[in-house]
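Position one of the sequence shown corresponds to residue 5 (my numbering), numbered consecutively onward. Since the structure comes first, as structure tokens, the remarks are kept for the end.
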Amino acid sequence: RVPGSKSVTNRALIVAALADGPTRITNPLFADDSYWLMDALVRLGIEVRADSGRAEINVFGQSGVIDASDVDLFVGNAGTVARFLPPALALGKGPYTVDGVPRMRERPVADLVDAMVQLGAPVEYAGEHGKFPLRVVGGGIQGGEARVSGSKSSQFISGLLMASPYAARHVTLLAEGRKVWPYVGITVDVMRAFGVEVDASNGRFSVEPALYKARDYEVEPDASGASYFMAAAAVTGGRVRIAGLGSASPQGDLRFAEVLRDMGCRVEISSDSVEVEGPDRLRGVEVDMNAFSDTMITLSAIAPFATSPTTIKNIAHTRLQETDRLSAVATELARLGIETQSTPSSIRIIPGRIRPGVVRTYGDHRMAMAFAITGLVAPGVGIRDPGCVTKTFPGYFGLLESLR
Numbered sequence: 005r006v007p008g009s010k011s012v013t014n015r016a017l018i019v020a021a022l023a024d025g026p027t028r029i030t031n032p033l034f035a036d037d038s039y040w041l042m043d044a045l046v047r048l049g050i051e052v053r054a055d056s057g058r059a060e061i062n063v064f065g066q067s068g069v070i071d072a073s074d075v076d077l078f079v080g081n082a083g084t085v086a087r088f089l090p091p092a093l094a095l096g097k098g099p100y101t102v103d104g105v106p107r108m109r110e111r112p113v114a115d116l117v118d119a120m121v122q123l124g125a126p127v128e129y130a131g132e133h134g135k136f137p138l139r140v141v142g143g144g145i146q147g148g149e150a151r152v153s154g155s156k157s158s159q160f161i162s163g164l165l166m167a168s169p170y171a172a173r174h175v176t177l178l179a180e181g182r183k184v185w186p187y188v189g190i191t192v193d194v195m196r197a198f199g200v201e202v203d204a205s206n207g208r209f210s211v212e213p214a215l216y217k218a219r220d221y222e223v224e225p226d227a228s229g230a231s232y233f234m235a236a237a238a239v240t241g242g243r244v245r246i247a248g249l250g251s252a253s254p255q256g257d258l259r260f261a262e263v264l265r266d267m268g269c270r271v272e273i274s275s276d277s278v279e280v281e282g283p284d285r286l287r288g289v290e291v292d293m294n295a296f297s298d299t300m301i302t303l304s305a306i307a308p309f310a311t312s313p314t315t316i317k318n319i320a321h322t323r324l325q326e327t328d329r330l331s332a333v334a335t336e337l338a339r340l341g342i343e344t345q346s347t348p349s350s351i352r353i354i355p356g357r358i359r360p361g362v363v364r365t366y367g368d369h370r371m372a373m374a375f376a377i378t379g380l381v382a383p384g385v386g387i388r389d390p391g392c393v394t395k396t397f398p399g400y401f402g403l404l405e406s407l408r
């Protein structure tokens, strides 16, 4: 069983902090990204009790009230935290600053700021225009209608949605840009679980003033984390079963299993599990991964073992994540002797014989986890800075080793 979903855990933490009492979150992710968010909530005066031994987090919500003021929040390189917090902070007394590591200051945030201003939630740049750090003034969200682009990150839309029930009047978000539903769908699912309805249709999201209801909430396994073990089965001809992740999951990254089916794997998805069995040889695919791009590196790491080229399209936004992922993949595959052809939004990977080499991760947890799967089949492939997996999957290498 892989750890709880990062995407779901951090959404549940935000919503629980805004809810009307104590919430118990079970099977959450305990990793850097969730720790950054829990630390921020505590600094804002919200009681959070985390118990990794019991696999639960208790959050004592304050009904949308944030009493703390003049707080500086550091969020590391956690994109979900940096983008989810500002709309919620607008509900507090303020002011608050949100900042992160140098890479975070390179990641886009202007679309979020523009939408917050449209909704009457004052926010300012504390440094360079369009970049972190941000200064959130506080005092509430007026509400109304806002246009928000999801072309660079759907997390802007998710952050705005989660704070919307506490606006002075209804909120309508008109999402523009890339297909945002799979990741925003997780947000809508969590909001509904806590008693707030979202009217979602064709990129239009409407929320009426409401109050989240505290509850017990279980986090399902992380679909992107599961992708590495599915990929391991695919390249070794083995079989893996992921328990607790099934057909009803709102996580778009589960679509990675369907890609493996197209590559020749036997894939069975039931209501509560996913099973993947690898073929004798994988075949290449052409796939638009815009809606489940967190698994793009996973596919790239196994594509060299296919019998034909693999093309991954519509992933320009991955250049703006923990690292320029599209460039990093091309560079490290070349280091291993694999030819690639890249455009600003796609990569084509030509199968070939992998030569020994040490893959650089650029501090990106997904680079480390994905190319470890390459090393299962190709001798002499090492990972530089494997410790970066603590961002989302601290026990990754131990679990991978246990499956040998």
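Think of the CB as a built atom: it goes at the ideal place given N, C-alpha and C, for glycine as much as any other residue.
- [ ] Return yes when the Cβ of residue 48 is within less than 8 Å of the Cβ of residue 102, no when it is not.
- [x] The sequence position of residue 102 within the sequence shown is 98, counting from 1. The sequence position of residue 48 within the sequence shown is 44, counting from 1. No, the Cβ-Cβ distance between residue 102 and residue 48 is not below 8 Å.
Task: Cβ contact check for the stretch 166-185 and the stretch 281-295: 3 or more pairs under 8 Å - done: yes
TODO: Take residue 56 and list the residues in its own chain whose beta-carbon comes closer than 8 Å to its own, dropping the five residues that flank it on each side.
DONE: Residue mapping note: residue 56 aligns to position 52 of the sequence shown, counting from 1. 34.
Task: Three-state class that DSSP yields for residue 77 in the structure shown - done: The residue labelled residue 77 in the question sits at position 73 within the sequence shown. Reduced to three states, the DSSP call for residue 77 is strand.
- [ ] Tell me, to the nearest whole angstrom, how far the beta carbon of residue 200 is from that of residue 216; I am working on the premise that it is less than 8 Å.
- [x] By 1-based counting over the sequence shown, the position of residue 200 is 196. By 1-based counting over the sequence shown, the position of residue 216 is 212. The pair is a contact, with the Cβ atoms about 6 Å apart (cut-off 8 Å).
Task: Status (buried if at least 16 other CB within 10 Å, exposed otherwise) for residue 111 - done: As a position in the sequence shown, residue 111 is number 107, starting the count at 1. Residue 111 is buried by the Cβ-count criterion.
Task: For residue 328 and residue 241, the rounded distance between their alpha carbons - done: Numbered from its first residue, the sequence shown carries residue 241 at position 237. Numbered from its first residue, the sequence shown carries residue 328 at position 324. So the alpha carbons of these two residues sit roughly 31 Å apart.
TODO: Please go through the stretch 357-385 and give each complete alpha helix (DSSP H) segment of 4 or more residues, from N-terminal end onward.
DONE: 369-381
Task: Identity of the residue in 44, 326, 23, 17 nearest residue 61 by Cα - done: Locating residue 61 in the sequence shown gives position 57, where the first residue counts as 1. Nearest of 44, 326, 23, 17 to residue 61, Cα basis: 17.
Open item on the list: I need the straight-line Cα distance from residue 225 to residue 256, nearest angstrom please.
Closed with: Looking up residue 225 in the sequence shown gives position 221. Looking up residue 256 in the sequence shown gives position 252. Residue 225 and residue 256: Cα-Cα distance of roughly 13 Å.
Task: Beta-bridge partners of residue 148, as assigned by DSSP - done: Along the sequence shown, one-based indexing puts residue 148 at 144. Looking at the DSSP assignment, residue 148 forms a beta bridge with 175.
Task: Rounded C-alpha distance that separates residue 366 from residue 214 - done: Taking the first residue of the sequence shown as position 1, residue 366 is located at position 362. Taking the first residue of the sequence shown as position 1, residue 214 is located at position 210. Cα to Cα, residue 366 sits roughly 42 Å from residue 214.
Open item on the list: I'd like to check one pair, residue 306 with residue 377: are the Cβ atoms closer than 8 Å?
Closed with: Locating residue 377 in the sequence shown gives position 373, counting from the first residue. Locating residue 306 in the sequence shown gives position 302, counting from the first residue. It is a contact, given that the beta carbons lie within the stated cut-off.
Task: Residue environment, residue 68, which counts as buried when at least 16 other CB atoms sit within 10 Å - done: By one-based count along the sequence shown, residue 68 stands at place 64. Classification of residue 68: buried, given that the 10 Å Cβ count is 16 or more.
- [ ] Enumerate in chain order the residues of its own chain whose CB-to-CB distance from residue 314 is below 6 Å, with the five nearest sequence positions on each side excluded.
- [x] For this step, residue 314 is matched to residue 310 along the sequence shown. 288, 289, 307, 353.
- [ ] Compute the Euclidean distance between the alpha carbons of residue 86 and residue 14, then round it to the nearest angstrom.
- [x] Here residue 86 corresponds to residue number 82 of the sequence shown, with the count starting at 1. Here residue 14 corresponds to residue number 10 of the sequence shown, with the count starting at 1. About 11 Å.
Task: Reference residue 97, options 121, 235, 71, closest by Cα - done: Counting from one through the sequence shown, the residue named residue 97 turns up at place 93. Taking only the C-alpha atoms, the option nearest residue 97 is 71.
Open item on the list: Using C-beta distances below 7 Å, list every residue in its chain close to residue 19, excluding the 5 sequence neighbours before and after it, in chain order.
Closed with: The sequence position of residue 19 within the sequence shown is 15, counting from 1. If we look at residue 19 and ignore the five residues flanking it on each side, its Cβ neighbours are 166, 194, 195, 198, 216.
TODO: Name the one or two DSSP bridge partners that residue 102 has.
DONE: By 1-based counting over the sequence shown, the position of residue 102 is 98. Residue 102 pairs with 77, 138.
Open item on the list: Looking at residue 349: is its Cβ nearer than 8 Å to the Cβ of residue 317?
Closed with: The residue given as residue 349 occupies position 345 in the sequence shown. The residue given as residue 317 occupies position 313 in the sequence shown. Yes, these two residues count as a Cβ contact at 8 Å.
Task: Pick from 37, 63, 31, 117 that is closest to residue 46, judged by C-alpha positions - done: As a position in the sequence shown, residue 46 is number 42, starting the count at 1. Ranking 37, 63, 31, 117 by Cα distance to residue 46 puts 63 first.
Task: Reduced DSSP secondary structure (H/G/I, E/B, other) of residue 345 - done: Your numbering for residue 345 matches position 341 in the sequence shown. Residue 345 falls in the strand class under three-state DSSP.
- [ ] Can you say whether residue 396 is buried or exposed, counting buried as having 16 or more other CB atoms within 10 angstroms of its CB?
- [x] For the purposes of this step, residue 396 is taken as residue 392 along the sequence shown, with counting starting at 1. Buried.
Task: Helix, strand or coil at residue 397 according to DSSP, with G and I counted as helix - done: Taking the first residue of the sequence shown as 1, we reach residue 397 at position 393. Looking at residue 397 - three-state DSSP - the assignment turns out to be coil, as it is neither helix nor strand.
- [ ] Report the three-state DSSP secondary structure of residue 276 (helix, strand or coil).
- [x] Numbered from its first residue, the sequence shown carries residue 276 at position 272. Note: residue 276 maps to coil in three-state DSSP.
TODO: Determine the direct distance from the alpha carbon of residue 128 to that of residue 276, and round the result to whole angstroms.
DONE: On the sequence shown, residue 276 is found 272 positions in, with the first residue counted as 1. On the sequence shown, residue 128 is found 124 positions in, with the first residue counted as 1. Going from the Cα of residue 276 to the Cα of residue 128 covers about 45 Å.
- [ ] Would you tell me roughly how many angstroms separate the C-alpha atoms of residue 219 and residue 304, rounded to the nearest one?
- [x] By 1-based counting over the sequence shown, the position of residue 219 is 215. By 1-based counting over the sequence shown, the position of residue 304 is 300. Each residue's Cα considered, the two are about 40 Å apart.
TODO: Confirm, please, whether the CB-CB distance from residue 235 to residue 243 is below 8 Å.
DONE: The residue you call residue 243 lines up with position 239 of the sequence shown. The residue you call residue 235 lines up with position 231 of the sequence shown. The answer is no: Cβ separation not under 8 Å.
Task: Counterpart residues of residue 54 in DSSP-defined beta bridges - done: In the sequence shown, counting from the first residue as 1, residue 54 sits at position 50. Per DSSP, 61.
Task: Endpoints, the alpha helix (DSSP H) within which residue 44 is located - done: What you label residue 44 is simply residue 40 of the sequence shown in a count that begins at 1. That run of the alpha helix (DSSP H) goes 36-47.
- [ ] Let me know if residue 407 comes out buried or exposed under the rule of 16 or more other beta-carbons within 10 Å of its beta-carbon.
- [x] Your numbering for residue 407 matches position 403 in the sequence shown. Counting Cβ neighbours within 10 Å, residue 407 comes out exposed, since fewer than 16 surround it.
- [ ] Compute the minimum distance between the beta carbon of residue 62 and the heavy atoms of the ligand FAD, and state whether it is under 7 Å.
- [x] Within the structure as shown, the ligand FAD is missing, as the structure has no ligands at all.
- [ ] Figure out for me which residue from 232, 122, 89 has the closest Cα to the Cα of residue 76.
- [x] Position 72 of the sequence shown, counted from the start, is the residue given in the question as residue 76. Per the Cα distances, 89.
- [ ] Whole angstroms is fine: what's the gap from residue 364's alpha carbon to residue 336's?
- [x] As a first step, residue 364 is located in the sequence shown; it is residue number 360 there, counting from the start. As a first step, residue 336 is located in the sequence shown; it is residue number 332 there, counting from the start. C-alpha separation (whole angstroms): 7 Å.
Task: Cβ pair residue 264, residue 239 closer than 8 Å - done: To locate residue 264, count along the sequence shown from 1; it is residue 260. To locate residue 239, count along the sequence shown from 1; it is residue 235. Not a contact, by the Cβ cut-off of 8 Å.
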